[in-house]
Amino acid sequence: MNTLPDNQSIQLTEVEALIHDFDHVSIHPELQAHSFRLVVKILSPKTLKADWIHKVMKDAWIVRCPFSISEYHSGMLLVRFGCEGDRRRVMEGQPWHFDPSLMIFAIPNGFDTILPNQLRFIPLCVQVHLVPFGSRSYSLAQFVVDTICDLIEVHLASLYDAITPFMCVRVLLDTTKPLHRGMNVHFRKLSITKWLKLLYEGIQNYCYHYGKLDHTFNKCEKFLHHSDNHPFPLSLSYKDALRAPAKSVYKKAFLSCPLPSLLRNNQLYQML
Numbered sequence: 040m041n042t043l044p045d046n047q048s049i050q051l052t053e054v055e056a057l058i059h060d061f062d063h064v065s066i067h068p069e070l071q072a073h074s075f076r077l078v079v080k081i082l083s084p085k086t087l088k089a090d091w092i093h094k095v096m097k098d099a100w101i102v103r104c105p106f107s108i109s110e111y112h113s114g115m116l117l118v119r120f121g122c123e124g125d126r127r128r129v130m131e132g133q134p135w136h137f138d139p140s141l142m143i144f145a146i147p148n149g150f151d152t153i154l155p156n157q158l159r160f161i162p163l164c165v166q167v168h169l170v171p172f173g174s175r176s177y178s179l180a181q182f183v184v185d186t187i188c189d190l191i192e193v194h195l196a197s198l199y200d201a202i203t204p205f206m207c208v209r210v211l212l213d214t215t216k217p218l219h220r221g222m223n224v225h226f227r228k229l230s231i232t233k234w235l236k237l238l239y240e241g242i243q244n245y246c247y248h249y250g251k252l253d254h255t256f257n258k259c260e261k262f263l264h265h266s267d268n269h270p271f272p273l274s275l276s277y278k279d280a281l282r283a284p285a286k287s288v289y290k291k292a293f294l295s296c297p298l299p300s301l302l303r304n305n306q307l308y309q310m311l
């Protein structure tokens, strides 16, 4: 046992100042249902009932054991699973939607209380279109992703598939920031500059003006304020410009693969 430093803001007794080591190791560990939990925030302006969500998600999620959904705080929900496998499958099957708002998940283990502003990150598959012929590579995929978000994995098969017209990557996105429609890349070997278009799989609601996932344009305060004070509304430049037409065949089969290390190591999807 150690003692706290002397510069603490409160005066502790010698007994209170002791630091007691607890290694969480038990001779007979007992895994209980409350160990397999997820905190959920749904990006919807509506007040949603836990039983509504449970009714829908019990048909959408692949689970082995019964699960429950209850109110947490600040409009968030708490999901209790019966086993680790069920929780893992839900996490790996993201993104999930409810009516048709995006659901953001966090694993609460090790945190006192999760706040709504901590639930910001979501894993998504992104298609990179218009790559010059013969220029697909892992380094290009990583270069594109590193400029806009955080890379989880590159679907290697998409680098060599001549039929599918895009590379596919899985990334960790901040829902409070605008989605990127693409980027200009200069290919030195080809002496050309190409616009690489980005399309996002599995997104439904988002702001057509700002390109953010955390609200829609008809609930966007800035958009509505501008519309009330100007004769013409702001442009909806992101409308139908971000959704991938269909999910790619490269999405990882979550029944056969473990959760990527980036997601395992960042329980709240917060990149420090």
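To convert, count from 1 in the sequence shown and add 39; that's this note's numbering.
Backbone N, C-alpha and C fix where the C-beta goes; we use that ideal spot for every residue, glycine too.
This one's a predicted model, so the numbers in the text were calculated from it and none came from an experiment.
Rounded straight-line distance, which links the Cα of residue j to that of residue i
{"i": "M206", "j": "Y245", "result": "23 Å"}
{"i": "V129", "j": "R76", "result": "11 Å"}
{"i": "E69", "j": "Y111", "result": "Confidence is the limiting factor: at E69 the pLDDT is only 47, short of 50, which leaves the residue's position unreliable and the question unanswerable from this model."}
{"i": "T157", "j": "P272", "result": "The identity of residue 157 in the sequence shown is Gln, whereas the question assumes Thr. Straight-line Cα distance between these residues: approximately 32 Å."}
{"i": "I161", "j": "E240", "result": "12 Å"}
{"i": "H225", "j": "R159", "result": "32 Å"}
{"i": "N268", "j": "M96", "result": "42 Å"}
{"i": "I66", "j": "Y177", "result": "Reliability fails at I66, whose pLDDT of 48 lies under 50, so the model's placement of it is uncertain and no value is given."}
{"i": "I242", "j": "L281", "result": "8 Å"}
{"i": "I49", "j": "D189", "result": "41 Å"}
{"i": "N148", "j": "I108", "result": "17 Å"}
{"i": "D90", "j": "F172", "result": "50 Å"}
{"i": "I202", "j": "L179", "result": "19 Å"}
{"i": "T255", "j": "K88", "result": "21 Å"}
{"i": "Y199", "j": "R175", "result": "8 Å"}
{"i": "I187", "j": "E53", "result": "51 Å"}
{"i": "R119", "j": "I146", "result": "11 Å"}
{"i": "P270", "j": "K94", "result": "44 Å"}
{"i": "H264", "j": "P284", "result": "32 Å"}
{"i": "L212", "j": "L163", "result": "7 Å"}
{"i": "D151", "j": "V183", "result": "36 Å"}
{"i": "F106", "j": "K85", "result": "23 Å"}
{"i": "I153", "j": "F137", "result": "21 Å"}
{"i": "I191", "j": "D279", "result": "25 Å"}
{"i": "I58", "j": "L51", "result": "12 Å"}
{"i": "F144", "j": "L275", "result": "29 Å"}
Contact check, residue i vs residue j, beta carbons under 8 Å
{"i": "D185", "j": "T214", "result": "no"}
{"i": "S113", "j": "P139", "result": "no"}
{"i": "Q181", "j": "V170", "result": "no"}
{"i": "I92", "j": "L117", "result": "no"}
Close Cβ partners of residue i (< 7 Å) along its chain, the five nearest in sequence each way excluded
{"i": "K228", "result": "none"}
{"i": "C259", "result": "C246, H248, Y249"}
{"i": "P204", "result": "H168"}
Residue(s) in a DSSP beta bridge with residue i
{"i": "Q166", "result": "C207, L238"}
{"i": "D189", "result": "L211"}
{"i": "R282", "result": "Y239"}
{"i": "T232", "result": "H225"}
{"i": "T81", "result": "Note that residue 81 is Ile in the sequence shown here, rather than Thr. In the DSSP output, where bridge partners are listed per residue, I81 has M142."}
{"i": "F75", "result": "F75 pairs with nothing; no bridge assigned."}
{"i": "L110", "result": "For the sequence presented, residue 110 should be read as Glu rather than Leu. L116, per the DSSP bridge assignment."}
{"i": "F160", "result": "D213"}
{"i": "H136", "result": "L141"}
Residues near residue i by beta carbon distance below 6 Å, same chain, minus five either side
{"i": "M142", "result": "V79, I81, W135"}
{"i": "G250", "result": "P217, L218, Y277"}
{"i": "I101", "result": "R128"}
{"i": "K261", "result": "none"}
{"i": "S74", "result": "none"}
{"i": "V165", "result": "V208, V210, L237, Y239"}
{"i": "S83", "result": "S140"}
Same chain only: Cβ atoms within 8 Å of residue i, ignoring 5 sequence neighbours per side
{"i": "R103", "result": "G121, C122, G124, D125"}
{"i": "S266", "result": "P272, L273"}
{"i": "M222", "result": "V183, T186, I187, W234, L235, L237"}
{"i": "D38", "result": "Outside the displayed range of the chain (40 to 311) lies residue 38, so it cannot be described from this structure."}
{"i": "I231", "result": "P171, H225"}
Contact belief for residue i with residue j at Cβ below 8 Å, rounded distance in angstroms
{"i": "R220", "j": "K236", "result": "7 Å"}
Min CB distance residue i to chain D below 8 Å
{"i": "H219", "result": "Of the protein chains in the structure, only one exists, and it is not chain D."}
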